[in-house]
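Protein sequences, first through last, are from chains A and B.
Each residue of the first sequence is one higher than the one before, counting from 1 in my numbering.
Each residue of the second sequence is one higher than the one before, counting from 1 in my numbering.
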Amino acid sequence: MPVIRFITVRLLQAILVTMAVTLFVAFAIRLTGDPVVMMVSEASNVTEEDLARIRESLGLNQPFLMQYYDFIKSLVTGDLGDSFFRGPVWDLIAVAMPATLLLAATSMLVSILISIPLGIYSAVHKGGLADQVIRVLSLVGLSFPNFWLGIMLVLVFSITFPIFPASGYTGLASLVLPAVTIGIILTATNVRLVRTTMLEILSAQYVMVARAKGLSERKVIYKHALRNGAIALVTFMGLQFGNLIGGLVVVELVFNWPGMGTLSVEAIAQRDYPLLQATVSILAIMIVGVNLAVDLIYGLIDPRIRVA
Amino acid sequence: MTSFLTSLLGQLPRRSVALAAALAVLPVVAPGQAEAQSVLTVAQSRDPQNLDPIDTFRVAWGSVASNIFEGLILRNEDLELEPGLATSWEFLDDDTRIRFHLREGVVFHNGEPFNAEAVQYTFERLLGEAGAAGPQRANYTSIDSIEVVDEQTVDFLMNQPDPVLITKLAGYGAMIVPPQYIEEVGEEAFDMHPVGTGPFQVVEYTPTVGLQLARFDGYWNGEAQVDEVNIRFIPEAATRMSELLSGGVDISLDIETNSVETIRNAGNVGLVTVDGPSVTILRFHINEGITQDPRVRRAITMAIDRPTIIEAMLGGLASPIASAQGAGSFGYDMALEPYPFDPEGARALLAEAGVAPRTEITLDMNNSNDTFREISQVIAAYLQAVGLELNIRSHETSVYFNDILANGRTGEMYLFGWGGWTFDFDNTAYLLYHTGERNNPYIDDAHLNALLDLERSTYDRDVREQALQDVAAYANENALDLPLYNTATLYGVNERVQGFVPAPDSRMRYMNISVE
């Protein structure tokens with residue numbers, strides 16, 4: 001049963017990657033600083049005994065492997081434990097995760113809605129003026145740092161023309177600017193991808209056959225070419241998910257979006273071990289999960305890929 | 001692990017359903033709400049993270065908590081101590097017993113009465129097991145025990161004199177908490193949804209997002225002007241500015257100096273400043289390198305034109321200082337003058353100390369302060385003019401405090417900023433100069449220890465003031481540090497807002513503010 005073997009191997013790899021990420025994060029964060037020092041950084045009159053007492057109450061006097069074991073246990077049971085500074089980790093994730101998923105999905109959608117029509121148009125009118133313009137614009141888009149683009153959009157659409165809120169989550173309107181920021185950045189890559197994929201397919205023999213049959217250009221492009229190109233596009237966009245999450249961290253900060261990126265950055269600054277371990281591990285599991293799903297779907301569709 | 005991962009993968013479709021439901025899950029403030037009720041919206045850079053008074057020492061907590069909680073003593077915006085939940089107090093038995101007479105008719109937001117038991121519970125909790133896990137307890141260990149005399153009278157028995165105790169009772173860990181409520185809901189629930197006696201009660205606290213407060217109608221001392229206060233946590237300075245300029249928030253705390261021009265040029269927003277407690281100083285490694293020599297330390301101090309830095313880099317929103325405290329601090333000595341800007345004199349002192357031209361020295365700093373990053377470049381230029389090459393090493397904040405500073409691994413100079421909220425030089429001087437303090441890796445001086453021990457052990461204000469002034473004079477004489485400036489606390493306020501009184505200590509009180 002090669003399918004089962006393929007799935008098992010992929011699943012084991014995914015577990016191994018996740019374990020490695022959790023171990024690395026838990027280990028690395030402990031090398032860089034003591035959360036208790038951060039906790040009392042604005043306090044005076046704190047003695048070494050006070051520090052020791054706080055450390056003990058947080059379980060920081062336990063050996064590393066013991067702390068790691070507790071963390072893995074909390075991850076597997078889904079309890080996630082308590083943050084050092086701010087109550088149960090699960091309560092924080094429960095607010096941040098939907099916010100991040102919402103932003104990620106909307107950005108993806110924005111990007112797909114822009115990049116597919118533009119990419120197809122560009123490919124069909126290869127070498128024309130529109131194609132040149134689209135290609136130059138996508139290059140410009142690729143060169144934008146996302147935080148800069150975000151600040152510019154705020155300047156125009158929140159301050160000069162107060163249409164959208166500048167930050168936070170206060171209803172659907174506040175989703176627009178952050179989603180467009182990430183959407184534009186993703187579009188820059190995706191337009192080029194759609195264009196290249198379509199160009200390749202449009203020169204394939206079955207497209208020539210379709211045209212020879214006398215099908216309308218519309219049918220040739222949307223029914224024959226785009227459908228065949230979709231597999232590659234979906235796969236690539238799935239793999240893009242990891243980059244998307246990375247980009248989200250910065251954009252969330254700019255727009256004060258209450259998501260996983262903001263939460264992780266704060267956890268790093270404070271050395272909030274339980275919170276950072278949880279956020280990074282969950283993001284890693286998501287990325288590994290999406291990649292695994294793409295692999296599996298791809299493997300199922302195309303038998304040639306099954307042999308890992 | 002396998003089963004966990006499979007179950008997680010199994011949930012993937014459900015996650016996309018959750019995505020669609022995300023709108024419902026996220027806290028949404030409908031724009032229509034603002035019209036029905038008067039709402040004051042405030043931005044501050046940080047989240048208090050935990051609202052329980054004994055679990056935190058964040059300024060971000062102080063900025064919100066004075067609206068929810070009260071102490072026995074109240075410190076007003078002019079930094080004067082007034083009766084709070086105690087109407088009066090007296091020192092008895094050779095100052096070993098402090099008797100507080102409590103205010104009658106005060107209730108907590110849940111209806112629970114405020115009385116002597118609540119005071120006793122508050123301090124036994126702070127000094128007991130619950131307090132031991134947090135950073136507040138250390139400030140109140142001079143209290144030995146609390147005795148309830150009657151319903152409205154309570155005695156603090158002291159195990160050592162604590163001249164700053166009355167001030168400390170106005171802040172942070174000493175906020176009075178409700179015994180029945182905490183016993184009912186538990187410690188964890190109290191962290192997120194506390195109850196106090198203040199003019200506003202907590203409606204909802206959403207970590208990293210914001211805190212919503214509503215007017216408490218049963219408040220003993222008047223009535224808040226607005227129905228609700230919506231406090232938003234916005235860490236990015238540029239984003240806070242965007243919200244302030246676009247009218248998304250009425251008041252923004254934590255304004256950075258480099259935003260001052262933008263606010264001054266904006267039509268609908270004003271800048272409000274007040275002398276704050278924050279000082280920025282450079283400290284010297286007095287045990288190694290050329291800075292062992294007091295003449296070199298004095299030369300470095302004289303080489304830097306501090307008034308020009310304040311004018312050019314800080315928009316004039318800071319004051320020159322001769323010690324690590326602002327003019328509003330108890331122990332400040334008007335007669336103590338900062339070293340003048342004198343590059344000639346600095347060169348002469350360096351030559352006298354045998355320092356060769358182009359000698360390299362290192363300044364360590366943390367990277368979280370944008371304004372200071374620019375100023376450090378200016379300092380390097382000033383030092384170059386007297387023949388010293390400054391290397392600037394910038395560190396991530398946690399690494400800086402945990403490793404570089406705590407382990408005494410700094411270069412010849414290092415950056416230190418502090419704002420003692422008590423406005424009593426004791427708060428800053430002790431941690432800078434007393435042997436064995438965490439933030440004092442190098443100074444071990446019997447004279448300074450004796451002065452600091454003296455000012456901590458007496459209630460005599462004159463003796464204390466003299467001792468604190470002596471500490472500052474001694475530090476100045478030996479150039480132990482280079483006091484740069486005392487920055488103002490800055491607020492950006494929309495013209496809609498009426499009755500805004502700036503708090504020098506960032507402990508905002510929103511009760512008397514209204515929004516047009």
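Cβ atoms here follow ideal geometry from the backbone N, Cα and C, with glycine treated the same way.
Residue i, DSSP secondary structure in three states
i, result
"Gln11 of chain B", "Its pLDDT being 37, under 50, Gln11 of chain B is placed unreliably in this model, and the value from its coordinates should be taken loosely. Three-state DSSP puts Gln11 of chain B in coil, outside helix and strand."
"His447 of chain B", "helix"
"Glu516 of chain B", "coil"
"Arg464 of chain B", "helix"
"Gly492 of chain B", "strand"
"Ile300 of chain B", "helix"
"Pro88 of chain A", "strand"
"Ser145 of chain B", "strand"
"Ile297 of chain A", "helix"
"Met158 of chain B", "strand"
"Leu244 of chain A", "helix"
"Tyr181 of chain B", "helix"
"Ser63 of chain B", "helix"
"Phe74 of chain B", "In the sequence under discussion, the amino acid at residue 74 of chain B is Leu, which differs from the Phe named in the question. Reduced to three states, the DSSP call for Leu74 of chain B is strand."
Straight-line Cα distance separating residue j from residue i
i, j, result
"Val220 of chain A", "Gln37 of chain B", "59 Å"
"Thr262 of chain B", "Asn476 of chain B", "37 Å"
"Pro307 of chain B", "Met313 of chain B", "10 Å"
"Ala351 of chain B", "Pro320 of chain B", "27 Å"
"Ala267 of chain A", "Gly210 of chain B", "17 Å"
"Asp505 of chain B", "Ile231 of chain B", "18 Å"
"Gly248 of chain B", "Pro165 of chain A", "7 Å"
"Ala20 of chain A", "Leu296 of chain A", "22 Å"
"Thr371 of chain B", "Phe147 of chain A", "20 Å"
"Leu60 of chain A", "Tyr430 of chain B", "28 Å"
"Val250 of chain A", "Thr141 of chain B", "43 Å"
"Met365 of chain B", "Ser83 of chain A", "28 Å"
"Gly87 of chain A", "Ile93 of chain A", "11 Å"
"Ala488 of chain B", "Glu70 of chain B", "26 Å"
"Arg311 of chain A", "Val37 of chain A", "Past the boundaries of the shown model lies residue 311 of chain A; chain A is included only from 1 to 308, so the question cannot be answered."
"Gln180 of chain B", "Glu112 of chain B", "7 Å"
"Gly72 of chain B", "Gln212 of chain B", "Note that residue 72 of chain B is Leu in the sequence shown, not Gly. Cα-Cα distance, rounded: 25 Å."
"Ile112 of chain A", "Ala104 of chain A", "12 Å"
"Pro207 of chain B", "Asp79 of chain A", "18 Å"
"Gln292 of chain B", "Val17 of chain A", "52 Å"
Exposure label - residue i; buried when at least 16 CB within 10 Å
i, result
"Met524 of chain B", "Shown here, chain B extends from 1 to 516; a query on residue 524 of chain B therefore has no answer."
"Glu228 of chain B", "buried"
"Gly267 of chain B", "exposed"
"Leu317 of chain B", "buried"
"Ile404 of chain B", "buried"
"Pro31 of chain B", "Any reading at Pro31 of chain B must be qualified, since the residue scores a pLDDT of 43, below 50, and its modelled position is unreliable; the value itself is stated next. When all chains shown are included, Pro31 of chain B counts as exposed."
"Ile234 of chain B", "buried"
"Glu35 of chain B", "With a pLDDT of only 47 at Glu35 of chain B, under 50, the local geometry of the prediction cannot be trusted, and no value is derived from it."
"Ile379 of chain B", "buried"
"Tyr169 of chain A", "buried"
"Ser66 of chain B", "buried"
"Val309 of chain A", "With chain A covering only 1 through 308, there is no way to say anything about residue 309 of chain A."
CB contact check: residue i to chain B, cutoff 8 Å
i, result
"Glu310 of chain A", "The first residue shown for chain A is 1 and the last is 308, placing residue 310 of chain A beyond what the model contains."
"Gly141 of chain A", "no"
"Ile159 of chain A", "yes"
"Asn146 of chain A", "no"
"Ile237 of chain A", "One detail in the question is off: residue 237 of chain A reads as Met in this sequence, not Ile. Judged by the 8 Å Cβ criterion, Met237 of chain A is not in contact with chain B."
"Glu266 of chain A", "yes"
"Met39 of chain A", "yes"
Short CB-CB distance (under 8 Å) between residue i and chain A
i, result
"Pro31 of chain B", "Note that Pro31 of chain B scores a pLDDT of 43, beneath 50, so its modelled location is shaky; the value from the coordinates is reported in the next line. Judged by the 8 Å Cβ criterion, Pro31 of chain B is in contact with chain A."
"Glu495 of chain B", "no"
"Asp191 of chain B", "yes"
"Ser242 of chain B", "yes"
"Glu35 of chain B", "The predicted model places Glu35 of chain B with a pLDDT of 47, which falls under 50 and marks its position as unreliable; any figure quoted below should be read in that light. Taking Cβ atoms only, chain A never reaches closer than 8 Å to Glu35 of chain B, which makes this a no."
Can you give, in chain order, each stretch of the alpha helix (DSSP H) that sits fully within the stretch 211–297 of chain B and has at least 4 residues?
Counting whole runs of 4 or more residues, the stretch 211–297 of chain B contains the alpha helix (DSSP H) stretches 237–245 and 260–265.
Going along the chain, which unbroken runs of the beta strand (DSSP E) with 3 or more residues stay wholly within the stretch 309–381 of chain B? The beta strand (DSSP E) runs of length 3 or more contained entirely in the stretch 309–381 of chain B are, from start to end of the chain, 359–366.
**Prompt:** Which runs of the alpha helix (DSSP H) spanning at least 4 residues fall entirely within the stretch 26–57 of chain A, listed in chain order?
**Reply:** 35–39 and 48–57
Unbroken stretches of the beta strand (DSSP E), 3 residues or longer, contained in the stretch 98–147 of chain A:
none
Fill in: Length-filtered (4 minimum) alpha helix (DSSP H) runs lying within the stretch 158–228 of chain A
173–202 and 205–212
Report task. Report the residue ranges of all beta strand (DSSP E) runs contained in full by the stretch 381–413 of chain B; include only those spanning at least 3 residues, in chain order. Result -> 388–395
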